[in-house]
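A.B. asks: I'd like to ask some things about the structure below.
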Amino acid sequence: MAKSNLQISDPDFVPVTVEGEMRPSRWVISVDHASNTVPPCVNGGDLQIAPEDMARHIAYDVGALGVARHLGVLMDAPVVASTFSRLVIDPNRGEDDPTLVMKLYDGTIIPTNRHVDEVEVERRLAKFHRPYHNALAQVIAARPNPVLLAVHSFTPQFRGRALRPWQVGVLYAQDTRLAAPLLDLLRGEADLCVGDNQPYSGALGGDAMDRHGLQTGRPHVLIELRNDLIERPEDQKAWAVRLAPLLDQALRDAQV
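Numbering (the numbering used here), first residue to last: 8 to 263.
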C-alpha cells in the first residue's frame with residue numbers, strides 16, 4: 008500500500024542552507040539542484056524509484072554543490088543551496104510551470120508524483136520551494152550591488168539521445184551583460200567545447216535567474232558543467248579553481 012504524503016511531518020527539515028552568509032563579495036552563488044534528499048513528509052522520504060535513479064541527474068545536479076562551495080571560498084561569496092531533490096519540487100521552475108513536479112523524467116516514472124494534486128503541489132511550494140527563494144532573496148538583498156551566479160550540472164547523454172559535446176555551458180536570457188564576456192573568456196580556453204545557451208536555453212520564464220536576476224535588473228549568469236567531469240571532489244575543486252578567475256574577469260569586463 009502506498010504511503011500517504013500527509014501522514015508524516017518533518018518540522019525540523021530545513022529546505023535551504025546558506026554558507027558564508029557574511030562573506031563580503033558582490034557575488035551570490037546559488038545551487039538550485041544541490042541535493043537528492045526526499046524529506047520524510049513526502050511519502051516517508053520515498054519517491055518509489057530505484058536508488059540508482061535517485062543518484063542520477065534526474066534527482067539532482069551531480070557535483071554542482073561541491074563546485075559552488077569551492078567557488079564560494081575562492082570568491083569570498085555566500086552559497087545558497089537547496090536541500091531537497093528537484094523531483095520533490097523544482098526550485099528552478101516558476102510556480103505555474105508544468106514541470107514543477109515531474110512525473111516522468113529521462114525515461115523514469117516517478118510513482119509518488121503520478122497523482123499529485125493542486126493541494127499537494129501547494130504544500131510542497133510552501134514547505135520547500137518558497138523558503139528556498141525567500142532565503143536566496145534575503146542573501147541577495149543584504150549586500151550592495153549583488154551579482155548572481157547559478158551553478159548547475161548536466162548529464163552527458165539523455166537516454167536514447169546523442170552525446171552532448173560541451174564540457175561547460177553558459178545560459179542566459181535577454182540580459183547578456185555578464186554572459187557575453189564569460190563566453191568569450193571560456194572560448195579562449197583551447198581545451199573546452201563551450202555551449203552558448205547549451206545544453207539548455209536560459210530563457211525560462213519564472214526560473215531562479217529570471218526571478219532574482221532578470222526581473223530585478225541584477226547582473227547574473229548560469230553555468231552548466233557536464234556532470235561526469237565533476238563527480239569527484241578533486242575535480243569539483245579543480246573546476247572551481249579554473250572558473251573563479253574567469254568569472255571575476257568577466258565581471259570586470261562587463262563593467263556592471
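All residues carry an ideal CB built from backbone N, CA and C; glycine is no exception.
Please name the residue, chosen from SER42, PRO240, PRO252, that lies closest to VAL21 on a Cα-to-Cα basis.
C.D. replies: Here residue 21 is taken as the residue at index 14 of the sequence shown, counted from 1. Answer by Cα proximity: SER42.
A.B. asks: Starting from the N-terminal side, write out each stretch of the beta strand (DSSP E) that is 3 residues or longer and does not extend beyond the region 107-185.
C.D. replies: 154-161, 175-178
A.B. asks: Can you tell me the Cα-Cα spacing of HIS77 and GLN243, whole angstroms?
C.D. replies: What you label residue 77 is simply residue 70 of the sequence shown in a count that begins at 1. What you label residue 243 is simply residue 236 of the sequence shown in a count that begins at 1. Taking the straight line from one Cα to the other gives about 8 Å.
A.B. asks: If you count every other CB in all the chains shown that lies within 10 Å of the CB of PRO188, and 16 or more means buried, which is it?
C.D. replies: Within the sequence shown, the letter at position 181 stands for residue 188. Per the 10 Å Cβ criterion, buried.
A.B. asks: Evaluate contact between the region 137-149 and the region 60-67, counting only Cβ atoms and requiring at least three cross-stretch pairs below 8 Å.
C.D. replies: no
A.B. asks: So what does GLU231 bridge to, in DSSP terms?
C.D. replies: Start at 1 with the first residue of the sequence shown, and residue 231 comes out as number 224. GLU231 is bridged to HIS159, GLY176.
A.B. asks: DSSP three-state label for VAL45, please.
C.D. replies: Against the sequence shown, residue 45 aligns to sequence position 38. Reduced to three states, the DSSP call for VAL45 is coil.
A.B. asks: Using alpha carbons as the reference points, say which of GLU238, ASP235, GLU129, ASN99 lies closest to VAL49.
C.D. replies: If you number the sequence shown from 1, residue 49 lands on position 42. Comparing alpha-carbon positions, the option among GLU238, ASP235, GLU129, ASN99 lying closest to VAL49 turns out to be GLU129.
A.B. asks: The beta strand (DSSP E) that contains ASP255, what's its start and end?
C.D. replies: For the purposes of this step, residue 255 is taken as residue 248 along the sequence shown, with counting starting at 1. Per DSSP, ASP255 belongs to no beta strand (DSSP E); it is in the alpha helix (DSSP H), 240-261.
A.B. asks: PRO118 to TYR179, Cα distance in whole Å?
C.D. replies: Here residue 118 refers to the residue found at position 111 of the sequence shown. Here residue 179 refers to the residue found at position 172 of the sequence shown. Rounded to whole angstroms, PRO118 to TYR179 spans 33 Å at the Cα level.
A.B. asks: Around the C-beta of SER92, are 16 or more other C-beta atoms found within 10 angstroms, so that it is buried, or is it exposed?
C.D. replies: Position 85 of the sequence shown, counted from the start, is the residue given in the question as residue 92. Buried: at least 16 other Cβ atoms inside 10 Å.
A.B. asks: Buried or exposed, going by whether 16 or more other CB atoms sit within 10 Å of the CB of GLU231?
C.D. replies: As a first step, residue 231 must be located in the sequence shown, where it is residue number 224. Classification of GLU231: buried, given that the 10 Å Cβ count is 16 or more.
A.B. asks: Alpha carbon to alpha carbon, what distance is there between ASN234 and TRP34?
C.D. replies: Position 27 of the sequence shown holds residue 34. Position 227 of the sequence shown holds residue 234. Whole-angstrom Cα-Cα distance: 23 Å.
A.B. asks: Report the residue ranges of all beta strand (DSSP E) runs contained in full by the region 18-105; include only those spanning at least 3 residues, in chain order.
C.D. replies: 23-26, 34-38, 86-89
A.B. asks: Quick check: the Cα distance between LEU221 and VAL146, rounded to an integer number of angstroms?
C.D. replies: The residue labelled residue 221 in the question sits at position 214 within the sequence shown. The residue labelled residue 146 in the question sits at position 139 within the sequence shown. The C-alpha of LEU221 lies about 17 Å from the C-alpha of VAL146.
A.B. asks: Let me know if ALA133 comes out buried or exposed under the rule of 16 or more other beta-carbons within 10 Å of its beta-carbon.
C.D. replies: Here residue 133 refers to the residue found at position 126 of the sequence shown. Answer is exposed; the Cβ neighbour count stays below 16.
A.B. asks: So, using beta-carbon positions, are LEU155 and LEU192 closer together than 9 Å?
C.D. replies: As a working mapping, residue 155 is identified with position 148 in the sequence shown. As a working mapping, residue 192 is identified with position 185 in the sequence shown. No. Outside cutoff.
A.B. asks: Cutting at 6 Å between CB atoms, please list the residues of its own chain near LEU229, excluding the five before and the five after it.
C.D. replies: Locating residue 229 in the sequence shown gives position 222, where the first residue counts as 1. Taken in chain order, the residues that qualify are ALA157, LEU178, GLY209, MET216.
A.B. asks: Can you grab the Cα-Cα spacing for the pair GLY4 / VAL87, in whole Å?
C.D. replies: This structure cannot settle anything about residue 4, because the visible part of the chain is limited to 8 through 263.
A.B. asks: Looking at C-alpha atoms only, which residue of ASP19, PRO31, LYS110, ARG166 is the closest neighbour of VAL80?
C.D. replies: For the purposes of this step, residue 80 is identified with residue 73 of the sequence shown, where counting begins at 1. When each option's Cα is compared against that of VAL80, the closest is PRO31.
A.B. asks: Between GLY52 and PRO46, what straight-line distance do the alpha-carbon atoms span, to the nearest angstrom?
C.D. replies: If you number the sequence shown from 1, residue 52 lands on position 45. If you number the sequence shown from 1, residue 46 lands on position 39. Their backbone Cα atoms lie some 5 Å apart in a straight line.
A.B. asks: Here's a check: name, in chain order, each residue in its chain whose Cβ is nearer than 7 Å to the Cβ of ARG100, leaving out the five neighbours to either side.
C.D. replies: Position 93 of the sequence shown holds residue 100. Cβ within range, chain order: THR106, LEU107, GLY213, ASP214.
A.B. asks: Taking the C-alpha atoms as reference points, what is the distance between ARG121 and THR223?
C.D. replies: Working through the sequence shown from its first residue, we reach residue 121 at position 114. Working through the sequence shown from its first residue, we reach residue 223 at position 216. Their backbone Cα atoms lie some 35 Å apart in a straight line.
A.B. asks: Taking DSSP's pairing of strands, which residues face GLY202 in a bridge?
C.D. replies: Taking the sequence shown and counting its residues from 1, the one referred to as residue 202 is at position 195. According to DSSP, which records beta bridges pairwise, GLY202 is partnered with GLY176.
A.B. asks: For ASP1, name the three-state secondary structure that DSSP assigns.
C.D. replies: Here the chain comprises residues numbered 8 to 263, so residue 1 is not present and cannot be evaluated.
A.B. asks: Reducing DSSP to helix, strand and coil, say where ALA197 ends up.
C.D. replies: What you label residue 197 is simply residue 190 of the sequence shown in a count that begins at 1. Assignment of ALA197 by DSSP, reduced to helix, strand and coil, places it in the coil class.
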